[in-house]
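Since the structure comes first, as structure tokens, the remarks are kept for the end.
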Amino acid sequence: MKFQSQKIAYNYFIVAAVLFGLQIVFGLITGAKYVWDYDPLLSILPFNTSRAIHINLLVVWLLFGFMGGTYYLVPEEADTELYSTKLANIQLVLFALIGVTAITGYLFGWTWGMPFLEQPTVLKFGIVLVALIFLFNIFMTMIKTKKWTVIQGVLLGGLVMLAGMFLFGVFFMKNLSDQYFWWWWVIHLWVEGAWELVAGSIMAFILLKLTGVDRQIVEKWLYVEVGLVLFTGIVGTGHHYYWIGTPGYWLWWGAIFSALEPLPILFMVIDTMRTVRERKIEIQNRPAMNWAVGCAIMHFFGAGVWGFAHTLPQINQWTHGTQITASHGHFAFFGAYAMLNLTMMYFAVPQIKGISSFEPGLARKSFWFMNFFMILIALALAVAGIVQVYFQRVLGMDYLTTQGFMKVWYAVFWVSAWGFAAGVTMFFIDFFRLGKVKA
Amino acid sequence: MTLSQGKAIFIWGTVISTVIFLFLTYDSLVRMPKRTHAENLSPQVASGKWVWQKHNCNDCHTILGIGGYYAPDVTKVMSYRDNDWMTRFLKDPQAVWPAARKMPNLHLKDQEIADVIAFFTWVNGIDTNNWPPKPVAAAAVTAAKPGEAIYMAQGCSACHTIGGVGGKIGPDLTTVGARRSKEWIEAQLKDPKSHFPNSIMPSFAKLPEKDLEELADYLSSLR
Numbered sequence: 013m014k015f016q017s018q019k020i021a022y023n024y025f026i027v028a029a030v031l032f033g034l035q036i037v038f039g040l041i042t043g044a045k046y047v048w049d050y051d052p053l054l055s056i057l058p059f060n061t062s063r064a065i066h067i068n069l070l071v072v073w074l075l076f077g078f079m080g081g082t083y084y085l086v087p088e089e090a091d092t093e094l095y096s097t098k099l100a101n102i103q104l105v106l107f108a109l110i111g112v113t114a115i116t117g118y119l120f121g122w123t124w125g126m127p128f129l130e131q132p133t134v135l136k137f138g139i140v141l142v143a144l145i146f147l148f149n150i151f152m153t154m155i156k157t158k159k160w161t162v163i164q165g166v167l168l169g170g171l172v173m174l175a176g177m178f179l180f181g182v183f184f185m186k187n188l189s190d191q192y193f194w195w196w197w198v199i200h201l202w203v204e205g206a207w208e209l210v211a212g213s214i215m216a217f218i219l220l221k222l223t224g225v226d227r228q229i230v231e232k233w234l235y236v237e238v239g240l241v242l243f244t245g246i247v248g249t250g251h252h253y254y255w256i257g258t259p260g261y262w263l264w265w266g267a268i269f270s271a272l273e274p275l276p277i278l279f280m281v282i283d284t285m286r287t288v289r290e291r292k293i294e295i296q297n298r299p300a301m302n303w304a305v306g307c308a309i310m311h312f313f314g315a316g317v318w319g320f321a322h323t324l325p326q327i328n329q330w331t332h333g334t335q336i337t338a339s340h341g342h343f344a345f346f347g348a349y350a351m352l353n354l355t356m357m358y359f360a361v362p363q364i365k366g367i368s369s370f371e372p373g374l375a376r377k378s379f380w381f382m383n384f385f386m387i388l389i390a391l392a393l394a395v396a397g398i399v400q401v402y403f404q405r406v407l408g409m410d411y412l413t414t415q416g417f418m419k420v421w422y423a424v425f426w427v428s429a430w431g432f433a434a435g436v437t438m439f440f441i442d443f444f445r446l447g448k449v450k451a
Numbered sequence: 020m021t022l023s024q025g026k027a028i029f030i031w032g033t034v035i036s037t038v039i040f041l042f043l044t045y046d047s048l049v050r051m052p053k054r055t056h057a058e059n060l061s062p063q064v065a066s067g068k069w070v071w072q073k074h075n076c077n078d079c080h081t082i083l084g085i086g087g088y089y090a091p092d093v094t095k096v097m098s099y100r101d102n103d104w105m106t107r108f109l110k111d112p113q114a115v116w117p118a119a120r121k122m123p124n125l126h127l128k129d130q131e132i133a134d135v136i137a138f139f140t141w142v143n144g145i146d147t148n149n150w151p152p153k154p155v156a157a158a159a160v161t162a163a164k165p166g167e168a169i170y171m172a173q174g175c176s177a178c179h180t181i182g183g184v185g186g187k188i189g190p191d192l193t194t195v196g197a198r199r200s201k202e203w204i205e206a207q208l209k210d211p212k213s214h215f216p217n218s219i220m221p222s223f224a225k226l227p228e229k230d231l232e233e234l235a236d237y238l239s240s241l242r
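From first to last, the protein sequence lines are chains A and B.
Read left to right, the first sequence gives residues 13 to 451 (my numbering).
Read left to right, the second sequence gives residues 20 to 242 (my numbering).
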């Protein structure tokens with residue numbers, strides 16, 4: 013850490029970690045509703061509310077992590093103190109308040125009712141304000157020195173795209189097909205566009221610092237990877253336009269481009285491995301390294317392989333709208349983004365706290381717990397989804413009857429989720445005790 | 020590869036994909052009004068869409084295959100349920116479908132129920148490129164026995180079991196045809212209390228005579 017203002021990142025990481033923990037709590041509650049059909053919380057926390065909270069917490073904690081990561085990265089790349097730490101703190105408090113208001117609102121039925129974008133419109137404008145404050149602060153820092161590194165250029169591009177795309181999800185449309193057409197501009201072009209840019213540049217930064225390889229090489233591959241991500245991902249949006257009232261040619265465009273989407277992610281795995289192999293300095297922070305390599309691999313399997321498995325329309329017509337999607341969703345979000353943020357936290361927090369080395373035991377345990385049980389979660393939901401596809405879609409069995417046959421797999425899923433929660437608890441303990449326990 | 024070649028891949032990859040995507044977007048927006056029979060998008064349909072959103076239905080149910088996976092997809096619901104069934108169900112879901120996994124009573128006003136049904140009716144007409152696909156195995160079976168389609172559409176399986184599939188609230192109907200005559204079954208459908216004064220089964224007297232006949236035919240064929 014070179015600049016005092018980078019410490020602001022820690023505040024963001026604390027909020028991110030707490031929201032991550034809450035996300036898991038609501039995940040366990042939501043999952044239990046599948047295992048036991050009888051729901052004692054039906055009148056106070058029905059499935060739709062607990063799911064809304066579970067997925068909103070996911071997005072918000074990841075955004076807090078990205079923001080923290082950005083505030084840590086940009087001063088070092090721009091080689092100057094942050095433009096305003098005060099503004100960064102105001103932004104944090106404002107965003108947290110909007111988040112708390114949204115979630116409290118859901119509990120009282122105050123919702124806009126589109127998945128992931130359940131926030132009522134007035135809160136969405138608040139989120140836009142937060143994004144503007146953030147972009148302003150970052151941009152003002154970058155132009156202080158005008159050191160335009162590729163890493164910060166890609167990061168800024170990703171953040172501008174992230175904020176810009178959100179606007180397509182703000183307005184009510186009376187045509188449901190139109191509404192979902194634009195909804196995907198937020199959801200898909202975030203996770204397979206803007207977020208990949210943000211995550212790619214943060215990962216490039218971490219690898220650069222951890223391994224000491226040439227910046228030229230890291231930045232060259234960053235360009236290639238995000239270039240291919242956008243090339244495949246933008247038209248790849250078409251894999252969401254197969255069945256929602258959109259023209260039939262999307263079956264071709266969506267299939268071809270989205271089938272290529274795993275390629276850049278595979279490049280990232282190869283690139284990460286090569287960078288680690290060709291490291292120029294001894295890697296001090298082993299946990300950060302584990303998470304970085306694990307992230308590349310799980311990103312590839314969760315987003316790349318699991319996505320590819322049902323992206324072709326011939327398969328997707330059977331799997332669309334089943335637990336197959338839920339399996340992919342859990343695996344991909346964890347591998348691509350949750351792990352990226354955990355990497356960033358393990359990388360930055362020791363430096364912020366001025367710790368040169370720390371006891372890696374708990375970090376290692378939490379890493380293996382989370383990864384092992386996330387794989388089980390993804391597999392259990394996938395099997396539940398396969399049962400659903402065959403019974404409900406192929407044999408034409410009634411929806412609820414099919415659910416009965418899926419129960420055993422919901423149980424496996426839910427027990428695995430407790431294993432995952434144990435991993436998160438270990439991370440929690442490790443995160444908050446960093447600097448308090450001697451190596 | 021050099022840094023500037025990497026940069027060229029980044030720029031051209033992004034530009035090419037963006038241009039294709041924007042062109043297809045424009046073309047889609049031109050074609051979608053016809054594919055979604057937008058001329059039938061009445062103010063009532065729009066109100067119904069807001070009822071759907073206001074109660075966050077989409078985080079339990081999927082629509083167009085998108086949303087929560089906790090409850091049935093509603094894209095084509097109006098193809099297998101009629102207005103009357105939907106109205107009764109939305110008024111008191113647990114009375115009409117007393118399964119263990121429950122939909123909460125949203126206490127919708129009559130107008131809201133009519134609006135959301137208008138919305139579902141409109142959604143039912145969207146050209147979804149034939150999604151969801153027709154089941155491979157069941158199509159032949161339902162075609163052979165029209166009464167079975169009525170049995171499914173009226174949600175009888177929420178309470179009754181046939182061949183191990185269905186609910187446990189009402190009696191098992193797997194061999195009902197061996198126990199009861201067709202006339203007895205028809206009378207039971209029209210007025211359940213005529214046989215069992217304490218029955219909680221709703222009356223199906225409102226069904227057209229032909230449907231009742233077919234349903235009774237189907238049930239009495241179960242032996």
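Beta carbons: idealized from backbone N, C-alpha and C, even for Gly.
Please read these numbers as outputs of a predicted model, since none were measured by experiment.
- [ ] State the CB to CB distance for the pair A/A21 and A/I364, rounded to an integer number of angstroms; the pair is presumed to be in contact (CB under 8 Å).
- [x] About 7 Å separates the beta carbon of A/A21 from that of A/I364, a gap short enough to meet the 8 Å contact definition.
Open item on the list: Does the stretch 146-156 of chain A come into contact with the stretch 96-108 of chain A, if we say contact requires no fewer than three beta-carbon pairs (one atom in each stretch) closer than 8 Å?
Closed with: The stretch 146-156 of chain A, when compared against the stretch 96-108 of chain A, does touch it at the 8 Å Cβ threshold.
Open item on the list: For the stretch 126-140 of chain A, list every residue whose C-beta sits within 8 Å of some C-beta in chain B, in sequence order.
Closed with: Answer in chain order: M126, P127, E130.
- [ ] Inspect the beta-carbon positions of B/I145 and B/T55 and report whether they are closer than 8 Å.
- [x] Against a cut-off of 8 Å, the Cβ pair of B/T55 and B/I145 comes out as a contact.
TODO: Indicate the three-state DSSP secondary structure (helix, strand or coil) for A/H332 in the structure shown.
DONE: Correct three-state label for A/H332: coil.
Open item on the list: Using only the alpha-carbon positions, how far apart do A/W194 and B/S61 sit?
Closed with: The alpha-carbon atoms of A/W194 and B/S61 are separated by roughly 21 Å.
- [ ] Out of A/V86, A/Y402, A/L75, state which residue places its alpha-carbon closest to the alpha-carbon of A/Q18.
- [x] Out of A/V86, A/Y402, A/L75, A/V86 has the C-alpha closest to the C-alpha of A/Q18.
Task: Min CB distance B/I39 to chain A below 8 Å - done: Closer than 8 Å: yes.
Open item on the list: 8 Å is my cut-off, CB to CB: does A/K186 come that close to chain B?
Closed with: Taking Cβ atoms only, chain B reaches closer than 8 Å to A/K186, which makes this a yes.
- [ ] Determine the extent of the alpha helix (DSSP H) in which A/T244 is found, giving its start and end residues.
- [x] Judged by DSSP secondary structure, A/T244 falls within the alpha helix (DSSP H) whose first and last residues are 227-248.
- [ ] Give the interface partners of B/T81 over in chain A, defined as CB-CB distance under 8 Å, in chain order.
- [x] Taking a Cβ-Cβ cut-off of 8 Å, the neighbours of B/T81 in chain A comprise G333, given in sequence order.
Open item on the list: Less than 8 Å between CB atoms is the rule here; does A/V238 satisfy it with respect to chain B?
Closed with: The C-beta of A/V238 comes closer than 8 Å to at least one C-beta of chain B.
TODO: Determine which residues of the stretch 257-270 of chain A have a Cβ less than 9 Å from any Cβ of chain B, and write them out in chain order.
DONE: Shown in chain order are the members of the stretch 257-270 of chain A whose Cβ falls below 9 Å from a Cβ of chain B: G257, T258, P259, G260, Y261, W262, L263, W265, F269.
Task: Local Cβ density within 10 Å of B/A159, reported as buried at 16 or more and exposed below that - done: Bear in mind that a pLDDT of 47 at B/A159, under 50, signals an unreliable position, so the number given afterwards is only what the model happens to contain. It is exposed - the Cβ of B/A159 has fewer than 16 other Cβ atoms within 10 Å.
TODO: Measure the CB-CB distance between A/W265 and A/Y254 and report whether it falls below 8 Å.
DONE: No. Outside cutoff.
Open item on the list: Taking only three categories from DSSP, how would you classify A/V406?
Closed with: Helix.
TODO: Can you tell me which of A/A211, A/L40, A/G81, A/L31 puts its alpha carbon nearest to the alpha carbon of A/S62?
DONE: Among A/A211, A/L40, A/G81, A/L31, the Cα nearest to that of A/S62 is on A/L40.
Task: Cβ neighbours of A/A64 in the same chain (closer than 6 Å, five flanking residues each side left out) - done: Excluding its 5 nearest sequence neighbours in each direction, A/A64 has C-beta neighbours in its own chain below 6 Å: Y118, E130, listed in chain order.
Open item on the list: Give the list of continuous alpha helix (DSSP H) stretches no shorter than 4 residues that lie fully inside the stretch 123-160 of chain A.
Closed with: Taken in chain order, the unbroken stretches of alpha helix (DSSP H) that lie wholly in the stretch 123-160 of chain A and span 4 residues or more are 133-157.
TODO: Given a cut-off of 8 Å, decide if B/S176 and B/G186 are closer than it, judged by their beta-carbon atoms.
DONE: Yes, they are a contact pair.
Open item on the list: For the ligand GTP, is there any heavy atom lying closer than 7 Å to the beta carbon of B/Q24?
Closed with: Ligands displayed in this structure: none; no statement on the ligand GTP is therefore possible.
- [ ] Count the CB pairs spanning the stretch 82-100 of chain B and the stretch 321-336 of chain A that are closer than 8 Å, and state whether there are at least three.
- [x] Judged by Cβ distances under 8 Å, the stretch 82-100 of chain B makes contact with the stretch 321-336 of chain A, as three or more pairs qualify.
- [ ] Pick helix, strand or coil for A/I389, following the three-state DSSP scheme.
- [x] Here A/I389 sits in helix by DSSP.
TODO: Can you give me the Cβ contacts of B/K26 inside the same chain, cut-off strictly under 8 Å, excluding the 5 residues immediately before and after it?
DONE: No residues qualify anywhere along the chain.
TODO: Take the Cβ of B/D4 as the centre, count every other Cβ of all protein chains shown within 10 Å, and call the residue buried at 16 or more, exposed below.
DONE: Chain B is shown from 20 up to 242; residue 4 of chain B falls before or after that span and cannot be answered.
- [ ] Taking only beta-carbon positions, decide if A/L74 is within less than 8 Å of chain B.
- [x] No, because no Cβ of chain B sits closer than 8 Å to the Cβ of A/L74.
TODO: Compare the beta carbon distance of B/A156 and A/V406 with 8 Å and say whether it is the shorter of the two.
DONE: Against a cut-off of 8 Å, the Cβ pair of A/V406 and B/A156 comes out as a contact.
Open item on the list: Taking its Cβ as the centre, do 16 or more other Cβ atoms sit within 10 Å of A/L144, making it buried, or is it exposed?
Closed with: It counts as exposed.
Task: Rounded Cβ spacing between A/I277 and A/A315 (contact assumed at less than 8 Å) - done: About 6 Å separates the two Cβ atoms, so the contact holds.
- [ ] Under 8 Å between beta-carbons, which chain A residues line up against B/Y89? List them in chain order, please.
- [x] Those within 8 Å of B/Y89 in chain A are K45, Y46, F59, N60, R63.
Open item on the list: Between A/F178 and chain B, is any beta-carbon pair separated by less than 8 Å?
Closed with: Answer no: the Cβ-Cβ gap between A/F178 and chain B never drops below 8 Å.
- [ ] Ignore the nearest five residues each way along the sequence and tell me which others in B/H250's own chain have a CB closer than 6 Å to its CB.
- [x] The structure shown does not extend to residue 250 of chain B, since chain B is modelled only from 20 through 242, so no value can be given for it.
Open item on the list: On the criterion of 16 or more Cβ atoms from any shown chain inside 10 Å, does A/I256 qualify as buried, or is it exposed?
Closed with: Taking all protein chains shown into account, A/I256 has 16 or more neighbouring C-beta atoms within 10 Å of its C-beta and is therefore buried.
TODO: Check the Cβ-Cβ distances between A/R289 and every residue of chain B, and say whether any is below 8 Å.
DONE: The beta-carbon of A/R289 is placed no less than 8 Å from the nearest beta-carbon of chain B.
Task: As assigned by DSSP and simplified to three states, the class of A/H322 - done: Looking at A/H322 - three-state DSSP - the assignment turns out to be coil, as it is neither helix nor strand.
Open item on the list: Can you check which of these residues, A/T284, A/I268, A/F346, is closest to A/G212 by C-alpha distance?
Closed with: Looking at A/T284, A/I268, A/F346, the one whose alpha-carbon comes closest to that of A/G212 is A/T284.
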